[in-house]
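Engineer: Chains as they are written, first to last, in the numbering used here: chain U, 8 to 246; chain F, 8 to 246.
Once you've had a glance at the structure underneath, I'll fire off some questions.
Protein chains: 2
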Amino acid sequence: MDNSSGVGVIDKAAMVLDALESRPASLAQLVTATGLARPTVHRLAVALVHHRLVNRDIQGRFVLGARLVELASAAGEDRLTAAAGPVLLQLRDATGESAQIFRRQGDSRICVASAERPVGLRDTIPVGTQLSMRGGSAAQVLLAWEDHDRLLEGLTNARFTPTVLAGVRRRGWAQSLGEREPGVASVSAPVRGPSGRVIAALSISGPIERLTRQPGRLHSDVVCNSARILTESLRKSGE
Amino acid sequence: MDNSSGVGVIDKAAMVLDALESRPASLAQLVTATGLARPTVHRLAVALVHHRLVNRDIQGRFVLGARLVELASAAGEDRLTAAAGPVLLQLRDATGESAQIFRRQGDSRICVASAERPVGLRDTIPVGTQLSMRGGSAAQVLLAWEDHDRLLEGLTNARFTPTVLAGVRRRGWAQSLGEREPGVASVSAPVRGPSGRVIAALSISGPIERLTRQPGRLHSDVVCNSARILTESLRKSGE
DNA sequence: TATTGCCGTCTCAGATACTGAGATGCAAGT
DNA sequence: ACTTGCATCTCAGTATCTGAGACGGCAATA
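Structure representation (C-alpha cells):
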C-alpha cells in the first residue's frame with residue numbers, strides 16, 4: 008500500500024498518531040514503532056502536543072489528545088448534516104411542511120439541520136436554534152430512548168409523562184400540539200446511530216390548521232420512513 | 008498566543024483542521040480562512056485526505072474525516088484507563104479481590120483495565136478479555152442503564168430479568184454468583200461519563216467462598232464509592 | 001560508590017522537502 | 001464567444017526539516 012501522501016511531515020505525524028492509537032507510548036516506544044530518528048519523533052510529537060492532538064501523561068508518555076475528541080465531534084456532526092440534507096428536502100416536499108433535525112444537549116435540543124417550506128404559512132427554526140426539552144415532539148423522541156435514570160430526570164420539568172413516552176416507543180413516533188408554541192403542531196421520529204442508539208430526532212412542523220389535531224395520523228408514515236432512510240445512510244457511511 | 012510549534016507543516020495542517028471544525032469548506036474558503044497560499048493549502052489538504060483525517064464531500068468540499076473519530080475513540084479509552092489505574096489499585100487493596108473495568112461492545116463486554124489480587128485464590132481477567140453479556144454483575148450494570156429498547160434487546164439471551172435490572176438501578180449496584188463461571192462471585196457499579204450516561208462498569212470478582220453468597224452486602228459500599236470517584240475524576244479531566 | 005546504559009532533549013550543518021508564483025484546464029456566468 | 005473564478009499541477013529556489021552527535025539525568029548494576 009502506498010503510504011506517501013506527498014507531504015512527508017504529515018506522513019510522519021500520521022505514523023505517530025497511528026502508533027498512539029493502541030496505547031500511550033514513551034518516546035523510545037514511538038521511535039521503535041515508527042522507525043523514525045529519535046529527534047525527529049521528538050520534534051513531531053512535541054509539535055502535536057502544542058496543537059493538543061497529543062498530550063503527555065504524568066509519566067511523560069505521549070497519549071492521544073483532547074483536540075481529537077473535539078474534531079471528531081465536529082466530524083460526527085458533519086456526517087449527520089451531510090446525510091440529512093437530501094432526506095430533509097425530500098420530507099419537506101413530501102409533506103409540504105418545514106423539516107428539521109434536533110440533537111439533545113443537556114436540558115436543551117439544538118436544530119442542526121433544516122429544510123423550510125418556501126412559501127405561505129410555515130414554521131421557521133433556523134439552524135443553531137436552541138429549544139427547551141420541556142415540550143415538543145422532538146423532545147419526546149429524544150427523551151423516550153434515554154436510559155431509565157436520564158429519562159426520569161428529563162421528565163422533571165417536562166409537560167409529558169412516562170406513559171406518553173411509552174407510547175412514543177411503541178408507535179416509533181411522537182406528535183405535539185402547541186407544546187413549544189401556540190398554533191404549531193409537529194411530528195418526530197428517532198434517528199439512530201450505527202450502534203442502534205438514538206442520536207437525533209427528525210421532525211416536521213407547521214400550523215395546526217394544516218397539520219390538524221392528529222398530525223401523526225397524517226404524516227407519521229413518511230416521517231418514520233425518512234428517519235429510517237437517514238439511519239441507514241449513517242450506518243452505511245460509517246464504515 | 009504563540010501559535011508556532013516549531014514544525015511549520017504541522018502548524019499549517021492544524022490551521023486547516025481548525026478551519027474545518029466549524030463547517031465543510033471549499034479550497035477557496037480554506038485559503039481565505041488560513042491565509043496560506045492556494046497550492047500549499049491544496050497540497051496539505053490532499054495529504055490529510057490521504058490519511059483520512061480529512062475527506063471530500065460530494066461537492067468536492069473538504070470535511071473532517073473518519074480517522075478523527077477512530078482516534079478520538081482511542082483517546083477516550085486512554086482517559087478512562089488512565090483515570091481507572093489508581094482507583095482499581097485502591098479497590099483491590101481495600102477489598103482484597105481482583106478489580107476490573109468493563110465496557111459494552113455489542114453483545115460482549117470487554118475488560119479495558121484490571122488490578123489483580125497478587126496471591127492466593129483469585130479471579131484473573133486479562134485486559135482485552137471479551138466476555139458475554141448473558142451473565143455477570145458487570146453485564147447487569149451495562150444493561151440496566153441502556154435505553155428501553157436496547158435494554159429489552161439485551162435481555163433476549165440474558166440470564167436475568169427486567170425486575171433484576173430494576174433492582175440494580177434502585178440499589179446502584181449488581182451482584183452475581185456463578186453466572187460467568189461456577190464458583191466465582193462479583194459486584195459491579197456504574198461508571199458515568201460527563202453527560203451522566205453509563206460508559207463502563209467497575210467490578211470486583213473472586214471465589215464465592217470468600218465473597219459469600221451476598222457479595223453485595225460485603226462490598227457494595229466500597230465498589231460504589233470507587234465508581235463515584237472514577238466518575239468524578241473523568242468529569243474533572245474532561246473539562 | 002562508581003560505572004554503565006538508556007532515555008529525553010537540544011544543537012546545527014547539510015540536504016531536500018516544501019513553498020508559492022505562475023501555468024493550465026474546466027465550469028459557470030455574462 | 002469571452003471572461004471570471006476555481007482547482008490542480010509544475011518546478012526553481014530556499015527555508016524548513018532532518019538526524020548525527022552531544023549533553024544531562026536517572027536507574028540499574030557491579
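Glycine included, every Cβ here is placed at the ideal spot set by N, Cα and C.
Please read these numbers as outputs of a predicted model, since none were measured by experiment.
1) In its own chain, which residues sit with a C-beta less than 8 angstroms from the C-beta of residue 185/U, not counting the 5 before and 5 after it?
2) Measuring only the C-alpha atoms, how far is residue 211/U from residue 104/U?
3) Give a yes or no on whether the minimum CB-CB distance between residue 12/U and chain F is below 8 angstroms.
4) Is it right to say residue 64/U is buried, meaning 16 or more other beta carbons lie within 10 angstroms of its own, or is it exposed?
5) Check the Cβ-Cβ distances between residue 17/F and every residue of chain U, and say whether any is below 8 angstroms.
6) Report, in whole angstroms, the separation of the C-beta atoms of residue 18/U and residue 29/U, which I expect to be a contact under 8 angstroms.
7) Please list the terminal residues of the continuous beta strand (DSSP E) segment that includes residue 213/U.
8) Determine, using beta carbons only, whether residue 21/F comes closer than 8 angstroms to chain U.
9) Who pairs with residue 108/U in a beta bridge, going by DSSP?
10) Nearest to residue 138/U by CA position, among 151/U, 67/U, 107/U and 41/U, is which residue?
11) Between residue 204/U and chain F, is there a C-beta pair that is closer than 8 angstroms?
12) Measure how close the beta-carbons of residue 238/U and residue 194/U come, nearest whole angstrom, since I'm counting them as under 8 angstroms.
13) Mind checking if residue 196/F is an interface residue toward chain U, Cβ cutoff 8 angstroms exclusive?
14) Would the region 59–79 of chain U count as touching the region 79–93 of chain F if we require 3 or more Cβ pairs under 8 angstroms?
15) Is the beta carbon of residue 148/U less than 8 angstroms from the beta carbon of residue 119/U?
16) For the 8 angstroms Cβ check, are there 3 or more pairs between the region 87–102 of chain F and the region 118–135 of chain F?
17) Does DSSP put residue 154/F in a helix, a strand or coil?
18) How about residue 49/U: is its C-beta nearer than 8 angstroms to some C-beta of chain F?
19) Helix, strand or coil: how does DSSP classify residue 46/F here?
20) Assess, as a yes-or-no matter, whether the region 126–133 of chain U is touched by the region 37–44 of chain F under the definition of 3 or more beta carbon pairs within less than 8 angstroms.
21) Have a look at 170/U, 200/U and 68/U and flag the residue whose alpha-carbon is nearest the alpha-carbon of residue 240/U.
Structural biologist: The answer reads as follows:
1) Within the first sequence, the letter at position 178 stands for residue 185/U. Correct list, in chain order: 191, 192 and 215.
2) Start at 1 with the first residue of the first sequence, and residue 211/U comes out as number 204. Start at 1 with the first residue of the first sequence, and residue 104/U comes out as number 97. In a straight line, the C-alpha of residue 211/U is about 6 angstroms away from that of residue 104/U.
3) As a working note, residue 12/U is residue 5 in the first sequence. Closer than 8 angstroms to some Cβ of chain F, the Cβ of residue 12/U qualifies, so yes.
4) Locating residue 64/U in the first sequence gives position 57, counting from the first residue. By the neighbour-count rule (16 or more Cβ atoms within 10 Å), residue 64/U is not buried but exposed.
5) Residue mapping note: residue 17/F aligns to position 10 of the second sequence, counting from 1. It does; some Cβ of chain U falls within 8 angstroms.
6) Counting from 1 along the first sequence, the entry for residue 18/U is found at position 11. Counting from 1 along the first sequence, the entry for residue 29/U is found at position 22. Incorrect: roughly 19 angstroms between the Cβ atoms, too far for contact.
7) Here residue 213/U is taken as the residue at index 206 of the first sequence, counted from 1. Here the beta strand (DSSP E) through residue 213/U covers 205–214.
8) Reading the second sequence from its first residue, position 14 is the one you call residue 21/F. Closer than 8 angstroms: yes.
9) For the purposes of this step, residue 108/U is taken as residue 101 along the first sequence, with counting starting at 1. Per DSSP, 120/U and 209/U.
10) Walking along the first sequence from the start, residue 138/U turns up at place 131. With distances taken between Cα atoms, residue 138/U lies closest to 107/U.
11) Mapped onto the first sequence, residue 204/U falls at position 197. Output row for residue 204/U: interface = yes.
12) Numbered from 1 along the first sequence, position 231 holds the residue referred to as residue 238/U. Numbered from 1 along the first sequence, position 187 holds the residue referred to as residue 194/U. 17 angstroms between Cβ atoms; not a contact.
13) Within the second sequence, residue 196/F is the residue found at index 189, counting from 1. Chain U, which has no Cβ nearer than 8 angstroms to the Cβ of residue 196/F, makes this no.
14) yes
15) Position 141 of the first sequence, counted from the start, is the residue given in the question as residue 148/U. Position 112 of the first sequence, counted from the start, is the residue given in the question as residue 119/U. The Cβ atoms of residue 148/U and residue 119/U lie no closer than 8 angstroms to each other.
16) yes
17) As a position in the second sequence, residue 154/F is number 147, starting the count at 1. Here residue 154/F sits in strand by DSSP.
18) As a first step, residue 49/U is located in the first sequence; it is residue number 42 there, counting from the start. No, residue 49/U does not count as interfacial toward chain F.
19) The residue given as residue 46/F occupies position 39 in the second sequence. Residue 46/F: helix per DSSP, three-state reduction.
20) no
21) On the first sequence, position 233 is the one that residue 240/U refers to. Here the closest residue by C-alpha is 200/U.
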